[in-house]
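Asker: Numbering (this note's numbering), first residue to last: 517 to 718.
Built from N, CA and C at the ideal position, the CB exists for glycine as well.
Sharing a structure, written as structure tokens. Questions coming.
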Amino acid sequence: MSHDKPDVPNGGKAAVAPAALLLAEIERLKAELIKAEWQIAELEARADVDPLLDILNRRGFDRELKRSLAYVKRYGTAAALVFIDLDGFKAINDRHGHAAGDALLKAVVAALKSHVRASDMVARLGGDEFAVLMWNLETAQASAKAHELENIIAATAVTHGPAGLTVGASAGSVPLDGEASPAAILEAADQAMYARKKERRG
Numbered sequence: 517m518s519h520d521k522p523d524v525p526n527g528g529k530a531a532v533a534p535a536a537l538l539l540a541e542i543e544r545l546k547a548e549l550i551k552a553e554w555q556i557a558e559l560e561a562r563a564d565v566d567p568l569l570d571i572l573n574r575r576g577f578d579r580e581l582k583r584s585l586a587y588v589k590r591y592g593t594a595a596a597l598v599f600i601d602l603d604g605f606k607a608i609n610d611r612h613g614h615a616a617g618d619a620l621l622k623a624v625v626a627a628l629k630s631h632v633r634a635s636d637m638v639a640r641l642g643g644d645e646f647a648v649l650m651w652n653l654e655t656a657q658a659s660a661k662a663h664e665l666e667n668i669i670a671a672t673a674v675t676h677g678p679a680g681l682t683v684g685a686s687a688g689s690v691p692l693d694g695e696a697s698p699a700a701i702l703e704a705a706d707q708a709m710y711a712r713k714k715e716r717r718g
């Protein structure tokens with residue numbers, strides 16, 4: 517009986533090559549999966565951002581309001597929601613066009629962000645309505661801040677042709693109550709804003 521070893525080409529390297537190729541393919545697929553997960557996370561994050569103004573949109577705001585109420589309920593931190601509605605913005609859009617309106621919205625958001633703290637959050641609820649979540653403010657302080665933001669918006673202007681475009685604002689504020697629902701807080705802030713609008717109209 518012959519005890520010669522089987523003739524394996526390249527001293528067994530041919531058997532190793534498929535395994536190496538398989539490992540390389542697994543690593544490639546892992547890299548592709550990580551890339552896909554990163555892209556999905558980025559798309560989900562962008563879904564919460566207003567594409568024109570680069571601040572949270574209504575979806576992102578709803579998430580942050582819910583999170584903030586849970587934080588207030590747990591730790592008892594003072595916080596407030598300021599609801600802002602621009603006055604006369606539709607007339608600017610109608611008279612000067614949407615490009616001018618968009619430029620004014622960008623200027624308003626820049627002004628708001630420059631006059632709140634890094635821990636506060638500015639969001640666009642839709643159209644010409646905005647919300648600002650503000651931390652460590654008592655009720656009277658939040659009301660004063662809301663009036664200050666009205667003045668800041670009124671002083672903001674953009675140049676459109678020979679015209680300097682400005683817009684007014686009405687801002688109402690409510691304290692965050694950890695026992696209340698997000699919908700109830702938003703409704704209360706909306707009502708405070710309309711009360712302020714009526715007051716400003718005199």
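9 Å is my cut-off, CB to CB: does residue 550 come that close to chain C?
Answerer: The structure shown contains no chain C; it holds only a single protein chain.
Asker: Would you mind reading off the limits of the alpha helix (DSSP H) that contains residue 617?
Answerer: It spans 614 to 630 - the alpha helix (DSSP H) in which residue 617 sits, taken as one unbroken run.
Asker: Is there contact between the region 586 to 594 and the region 679 to 696, where contact requires at least three CB pairs shorter than 8 Å?
Answerer: Contact between the region 586 to 594 and the region 679 to 696 is present, because at least three Cβ pairs lie under 8 Å.
Asker: Considering just the uninterrupted stretch of the alpha helix (DSSP H) at residue 662, what are its terminal residues?
Answerer: Residues 655 to 670.
Asker: One question on the structure: do residue 683 and residue 624 come within less than 9 Å of each other, judged by their Cβ atoms?
Answerer: Yes, they are a contact pair.
Asker: Three or more beta-carbon pairs under 8 Å between the region 699 to 715 and the region 614 to 629, yes or no?
Answerer: With the cut-off at 8 Å, the region 699 to 715 and the region 614 to 629 do not touch.
Asker: Using 8 Å as the cut-off, can you tell me whether the region 647 to 666 makes contact with the region 575 to 588, which would need three or more C-beta pairs spanning the two stretches below that distance?
Answerer: Output reads yes: the region 575 to 588 touches the region 647 to 666.
Asker: Could you give the residue range of the alpha helix (DSSP H) that holds residue 640?
Answerer: Careful: residue 640 lies outside any alpha helix (DSSP H), inside the beta strand (DSSP E) at 637 to 642.
Asker: May I have the straight-line CA-CA distance separating residue 600 from residue 685, to the nearest angstrom?
Answerer: One C-alpha to the other measures close to 7 Å.
Asker: Using only alpha-carbon positions, find the residue among 706, 605 and 689 that is nearest to residue 655.
Answerer: If we check each option's Cα against that of residue 655, 689 comes out closest.
Asker: When you compare the CB positions of residue 700 and residue 658, do they come within less than 9 Å of one another, or not?
Answerer: In this structure, residue 658 does not lie closer than 9 Å to residue 700 by Cβ.
Asker: Go through its chain and collect everything with a Cβ distance to residue 581's Cβ below 6 Å, but skip five positions before and after it.
Answerer: Only 698 meet the Cβ criterion.
Asker: Along the chain, which unbroken stretches of the beta strand (DSSP E) at least 3 residues long are found entirely within the region 549 to 607?
Answerer: The region 549 to 607 contains these whole beta strand (DSSP E) runs: 595 to 603.
Asker: Would you tell me roughly how many angstroms separate the C-alpha atoms of residue 674 and residue 609, rounded to the nearest one?
Answerer: Looking at the two C-alpha atoms, the distance is approximately 13 Å.
Asker: Indicate whether residue 687 and residue 666 have their beta-carbon atoms separated by less than 9 Å.
Answerer: Cβ atoms of residue 687 and residue 666: closer than 9 Å.
Asker: Between the alpha carbons of residue 679 and residue 642, how many angstroms are there, rounded?
Answerer: One C-alpha to the other measures close to 26 Å.
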